[in-house]
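Residue numbers for the sequence shown, in this note's numbering: 328 to 459. Comments concern the structure below.
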Amino acid sequence: MLNLILIDDDPDEAYILKKALKQVDKDKEFTHFDDGNQFIASLNQYLGSKSLILLDLNMPQSAGFDVLQKIKMNKQAANLPVVIYSNSNSPHDIEMSYQKGANSYVRKPQGFNEMVDFLTALLDYWQRINKT
């Protein structure tokens, strides 16, 4: 079973995503870290699991780029898919994300209905379409 992991310091974002995920697929696991350093400290428990990471770039305690780099530098964790999940539409942020090993870059949905549509497409892609 896929575990959707959100690394984002915004509690409202986590709440909306969790609520939308329950509507899309009640059986999906959801884990939220409000700080990238917390996730890195817990990284070993996700090795070998079916997990998908949504990583915000702008967090006060740990920059998303740093967290991404730490995940991808860990040989055991390098295959964990990381989707950059950001409000930024900056070409620089997008380019840097891919250079540092992101598997995808998406803009955060605006509102609950967009979140439901986003999660439906995201889960469909990572579970059905994408081959690993």
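We treat Cβ as the ideally placed atom computed from N, Cα and C, and that holds for glycine.
Helix, strand or coil: which one does DSSP assign to N416?
coil
Looking only at its own chain, which residues have a Cβ that is under 6 angstroms from the Cβ of S431, when we skip the five neighbours before and after it?
V410
Have a look at A390 and D444 and give me their C-alpha separation to the nearest angstrom.
27 angstroms
L333: first and last residue of the uninterrupted beta strand (DSSP E) it sits in
N330 to I334
If you pair each beta-carbon of the segment 342-350 with each one of the segment 360-379, do three or more pairs fall below 8 angstroms?
no
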